[in-house]
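See below for the structure under consideration.
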Amino acid sequence: MNTQIKLSVSTLSVQDCVDWVMAPETGGIDVFVGTVRNATKGKPVVRLEFEAYDKMAINEMEKIARQAFDKWPVQKILIHHRTGVLQIGEIPVIIAVSAAHRDAAFNACRYIIDTLKQTVPIWKKEIFEDGEVWVAAHP
Amino acid sequence: MNTQIKLSVSTLSVQDCVDWVMAPETGGIDVFVGTVRNATKGKPVVRLEFEAYDKMAINEMEKIARQAFDKWPVQKILIHHRTGVLQIGEIPVIIAVSAAHRDAAFNACRYIIDTLKQTVPIWKKEIFEDGEVWVAAHP
Amino acid sequence: MKINILAFGIAKDIFNGSAITVDLANDATVYNLKYVLEQQYPRLKKLATYMMAVNNEYALDGDTIHERDEIAIIPPVSGG
Amino acid sequence: MKINILAFGIAKDIFNGSAITVDLANDATVYNLKYVLEQQYPRLKKLATYMMAVNNEYALDGDTIHERDEIAIIPPVSGG
Numbered sequence: 046m047n048t049q050i051k052l053s054v055s056t057l058s059v060q061d062c063v064d065w066v067m068a069p070e071t072g073g074i075d076v077f078v079g080t081v082r083n084a085t086k087g088k089p090v091v092r093l094e095f096e097a098y099d100k101m102a103i104n105e106m107e108k109i110a111r112q113a114f115d116k117w118p119v120q121k122i123l124i125h126h127r128t129g130v131l132q133i134g135e136i137p138v139i140i141a142v143s144a145a146h147r148d149a150a151f152n153a154c155r156y157i158i159d160t161l162k163q164t165v166p167i168w169k170k171e172i173f174e175d176g177e178v179w180v181a182a183h184p
Numbered sequence: 046m047n048t049q050i051k052l053s054v055s056t057l058s059v060q061d062c063v064d065w066v067m068a069p070e071t072g073g074i075d076v077f078v079g080t081v082r083n084a085t086k087g088k089p090v091v092r093l094e095f096e097a098y099d100k101m102a103i104n105e106m107e108k109i110a111r112q113a114f115d116k117w118p119v120q121k122i123l124i125h126h127r128t129g130v131l132q133i134g135e136i137p138v139i140i141a142v143s144a145a146h147r148d149a150a151f152n153a154c155r156y157i158i159d160t161l162k163q164t165v166p167i168w169k170k171e172i173f174e175d176g177e178v179w180v181a182a183h184p
Numbered sequence: 000m001k002i003n004i005l006a007f008g009i010a011k012d013i014f015n016g017s018a019i020t021v022d023l024a025n026d027a028t029v030y031n032l033k034y035v036l037e038q039q040y041p042r043l044k045k046l047a048t049y050m051m052a053v054n055n056e057y058a059l060d061g062d063t064i065h066e067r068d069e070i071a072i073i074p075p076v077s078g079g
Numbered sequence: 000m001k002i003n004i005l006a007f008g009i010a011k012d013i014f015n016g017s018a019i020t021v022d023l024a025n026d027a028t029v030y031n032l033k034y035v036l037e038q039q040y041p042r043l044k045k046l047a048t049y050m051m052a053v054n055n056e057y058a059l060d061g062d063t064i065h066e067r068d069e070i071a072i073i074p075p076v077s078g079g
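Dropping the structure here:
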């Protein structure tokens, strides 16, 4: 199988993701690692909470991976996304793409994270000292 | 220090590289991992040998990192490059870039690997079953 | 027909629960459903946007809803 | 003046060693040095390209070479 897509309630491992996409014919791997920033527009963030519509989220991530395979000569695609409570510095998302040549790996990885943020039904709540907000919910 | 540049004769660790560039204000990390492919233009490769003009290679990598800091709002840049004998699947290079926002991380990481391949005095010899060749030496 | 609507993110706060049931005419469309929901939960109109999903796929306003479809309201996503 | 030239990659094969010494007029330029090298090692002309480095920086053909400079020949690089 050339695609691994996972929603997980436990810590994501960059090493595991790179190991999974690497194949003997791989020449380059691009990895995007999202991390929980300690502030949003200057306001300190205490923690994040992620919630997913699991079945549909997996569906949509599989669609994105298929689109990336159609667009670029890539070998393996991995998308891991956390759900639940994440502290500062934790990793909400890892995307890893292997290819014979780096151009395809970079382009596909960028496409996957950009599209994931637009279409995959996962929601992030930012918890501040004085309140909380569902990101992007309101104009 | 916001830059870590290293030539190394021993195995490179993706996990160590990601850990080093991650900071509390980081929102995204892009990592490029080069790997030794098992074939070049269809011809099986047995192993690679990398040789560097160490002092100048470090110099040139530092220049590239400074250029990337000038061009994009990135937080930390790491460039690790192997020298010596590498087997199939081993990692000749890891570039990791952290930023508040992913656009800068992707652009800087791509710029760094592209420029490294053009300007940094490191040489790769491909060893085949029936001979060996210094890559890119001849037209 | 009675339709169960799954809610996520801010929609859960607006519905005050992770699912609600609404009464719809047979052959109602996604557009009809949105209208009913916005009447009962006017805060939906304050969202940047929202979509409906039918059987785990984004639905168009003109799509027809059937009794056993899995319906969900998808407020603006913010994963990654 | 006697100038030591470091060699890497294929240049090591061409020079048959990791350094050679050449005799240059004082105030010789990089251009003069390349000419001397190509006379002694015609295989250099078959390379896709090559550069000279002076004191760990890429040098231009017009740059002057001084006696204690660290000089290296840089055949086409292929790192990464």
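Protein chains in written order, with our numbering: chain A, 46 to 184; chain B, 46 to 184; chain C, 0 to 79; chain D, 0 to 79. Don't be surprised by glycine CBs; every beta carbon is placed ideally from N, CA and C.
1. Going by alpha carbons, who is nearest to B:P184 out of D:K44, D:D12, D:N54, D:E66?
2. Taking Cβ to Cβ, would you say D:E66 is nearer than 9 Å to D:N55?
3. Rounded to a whole number of angstroms, what is the C-alpha to C-alpha distance between B:A150 and B:D99?
4. Counting beta carbon pairs with one atom in the region 63–77 of chain B and one in the region 95–113 of chain B, are three or more of them shorter than 8 Å?
5. Quick check: what's the CA-CA separation for A:C154 versus A:I140?
6. Is the shortest distance between the beta-carbon of B:V98 and the beta-carbons of chain D less than 9 Å?
7. Using only alpha-carbon positions, find the residue among A:Q132, A:Q112, A:D148, A:I74 that is nearest to A:R82.
8. Taking C-beta pairs closer than 8 Å, name the residues in chain A that B:E70 reaches, listed in chain order.
9. So, helix, strand or coil for D:D89, using DSSP?
10. Mind the definition here: the region 162–176 of chain A touches the region 86–95 of chain A only if three or more C-beta pairs lie below 8 Å; say whether that holds.
11. In the DSSP output, what is C:M50 paired with across the bridge?
12. Using the beta-carbon of each residue, which ones in chain B are nearer than 8 Å to D:V76?
13. Give the residues from the region 108–137 of chain B that approach chain D closer than 9 Å (Cβ to any Cβ), ordered along the chain.
14. Round the Cβ separation of D:V76 and B:P166 to the nearest angstrom and send it over; I've been treating them as touching at under 8 Å.
15. Using the rule of at least 16 other Cβ atoms within 10 Å of the residue's Cβ for burial, across every protein chain shown, is D:Y34 buried or exposed?
16. Show which residues of chain A have a CB atom less than 8 Å away from the CB atom of C:K45.
17. Run through chain C and tell me which residues come within less than 9 Å of A:N47, C-beta to C-beta.
18. Say whether chain A places a C-beta atom closer than 9 Å to the C-beta of C:E66.
19. In whole angstroms, give me the CA-to-CA distance for B:G73 and B:S143.
20. Could you tell me whether the Cβ of B:N152 comes closer than 9 Å to any Cβ of chain D?
21. Please compile the residues from chain D whose C-beta is within a distance smaller than 9 Å of the C-beta of B:I158.
22. Taking only the alpha-carbon atoms, compute the straight-line gap between C:Y57 and C:P41 and give it to the nearest angstrom.
23. Let me see if you follow: with CB-CB separation under 9 Å, is B:S143 close to chain A or not?
24. How should D:E37 be labelled, buried or exposed, when 16 other C-beta atoms within 10 angstroms of its C-beta is the threshold for buried?
25. Kindly list, in the order they appear in chain A, the residues whose Cβ is closer than 9 Å to that of C:F7.
26. Please list the terminal residues of the continuous alpha helix (DSSP H) segment that includes B:V59.
27. By DSSP's criteria, A:A141 is part of a beta bridge. Which residues make up the other side?
28. On the DSSP letters alone, give me the boundaries of the alpha helix (DSSP H) that C:F14 sits inside.
29. So, helix, strand or coil for D:Y57, using DSSP?
30. Determine the closest residue to B:K116 out of B:K162, B:N152, B:V78, with distance taken between C-alpha atoms.
31. Our contact map puts B:W179 next to D:I13 with C-beta atoms below 8 Å; I'd like the distance itself, whole angstroms only.
32. Could you tell me whether the Cβ atoms of C:V21 and C:K1 are closer together than 9 Å?
The relevant details are as follows:
1. Counting from 1 along the second sequence, the entry for residue 184 of chain B is found at position 139. Nearest C-alpha to B:P184: D:K44.
2. Mapped onto the fourth sequence, residue 66 of chain D falls at position 67. Mapped onto the fourth sequence, residue 55 of chain D falls at position 56. In this structure, D:N55 does not lie closer than 9 Å to D:E66 by Cβ.
3. As a working mapping, residue 150 of chain B is identified with position 105 in the second sequence. As a working mapping, residue 99 of chain B is identified with position 54 in the second sequence. Answer to the nearest angstrom: the Cα atoms are 26 Å apart.
4. no
5. Position 109 of the first sequence, counted from the start, is the residue given in the question as residue 154 of chain A. Position 95 of the first sequence, counted from the start, is the residue given in the question as residue 140 of chain A. A:C154 and A:I140: Cα-Cα distance of roughly 7 Å.
6. Within the second sequence, residue 98 of chain B is the residue found at index 53, counting from 1. Reading off the sequence shown, one finds Tyr at residue 98 of chain B, where the question assumed Val. With 9 Å as the cut-off, B:Y98 counts as an interface residue toward chain D.
7. Taking the first sequence and counting its residues from 1, one reaches residue 82 of chain A at position 37. The candidate whose alpha carbon is nearest that of A:R82 is A:Q132.
8. Position 25 of the second sequence holds residue 70 of chain B. Under the 8 Å cutoff, chain A gives R82, N83, A84.
9. Nothing about residue 89 of chain D can be read from this structure; chain D reaches only from 0 to 79.
10. yes
11. On the third sequence, position 51 is the one that residue 50 of chain C refers to. The partner list for C:M50 (beta bridge, DSSP) reads C:I73.
12. For the purposes of this step, residue 76 of chain D is identified with residue 77 of the fourth sequence, where counting begins at 1. Result: K162, Q163, T164, V165, P166, I167, W168, A181.
13. H126, P137
14. By one-based count along the fourth sequence, residue 76 of chain D stands at place 77. By one-based count along the second sequence, residue 166 of chain B stands at place 121. 6 Å between Cβ atoms; contact.
15. Taking the first residue of the fourth sequence as 1, we reach residue 34 of chain D at position 35. Classification for D:Y34: exposed.
16. Within the third sequence, residue 45 of chain C is the residue found at index 46, counting from 1. Those are H183, listed as they occur along chain A.
17. The sequence position of residue 47 of chain A within the first sequence is 2, counting from 1. The contacting residues do not exist; A:N47 stays about 22 Å from chain C at best.
18. For the purposes of this step, residue 66 of chain C is taken as the residue at position 67 of the third sequence. No, C:E66 lies away from the interface with chain A (no Cβ there is under 9 Å from its Cβ).
19. By one-based count along the second sequence, residue 73 of chain B stands at place 28. By one-based count along the second sequence, residue 143 of chain B stands at place 98. Roughly 6 Å between the two C-alpha positions.
20. Your numbering for residue 152 of chain B matches position 107 in the second sequence. For B:N152, the answer is no, since every Cβ of chain D falls outside 9 Å of its Cβ.
21. Here residue 158 of chain B corresponds to residue number 113 of the second sequence, with the count starting at 1. Those within 9 Å of B:I158 in chain D are G79.
22. Position 58 of the third sequence holds residue 57 of chain C. Position 42 of the third sequence holds residue 41 of chain C. For C:Y57 and C:P41, the gap between their C-alpha atoms comes out near 22 Å.
23. Residue numbering aside, residue 143 of chain B sits at position 98 when the second sequence is read from its first letter. Chain A contact via Cβ: present.
24. Start at 1 with the first residue of the fourth sequence, and residue 37 of chain D comes out as number 38. Flag for D:E37 reads exposed.
25. Indexing the third sequence from 1 puts residue 7 of chain C at position 8. Going along chain A in sequence order, the residues near C:F7 (Cβ under 9 Å) are E96, A97, Y98, P166, I167, W168.
26. As a working mapping, residue 59 of chain B is identified with position 14 in the second sequence. Its alpha helix (DSSP H) spans residues 59–66.
27. One-based indexing of the first sequence puts residue 141 of chain A at position 96. According to DSSP, which records beta bridges pairwise, A:A141 is partnered with A:V76, A:L123.
28. For the purposes of this step, residue 14 of chain C is taken as residue 15 along the third sequence, with counting starting at 1. 9–14 is the extent of the alpha helix (DSSP H) around C:F14.
29. Locating residue 57 of chain D in the fourth sequence gives position 58, counting from the first residue. In the three-state DSSP reduction, D:Y57 falls in the strand class (E or B).
30. Sequence index remark: in the second sequence, residue 116 of chain B carries index 71 (1-based). Closest by alpha carbon: B:N152.
31. Within the second sequence, numbered from 1, the residue matching residue 179 of chain B stands at position 134. Within the fourth sequence, numbered from 1, the residue matching residue 13 of chain D stands at position 14. With a Cβ gap of about 10 Å, B:W179 and D:I13 do not count as contacting.
32. Within the third sequence, numbered from 1, the residue matching residue 21 of chain C stands at position 22. Within the third sequence, numbered from 1, the residue matching residue 1 of chain C stands at position 2. Yes, the Cβ-Cβ distance between C:V21 and C:K1 is below 9 Å.
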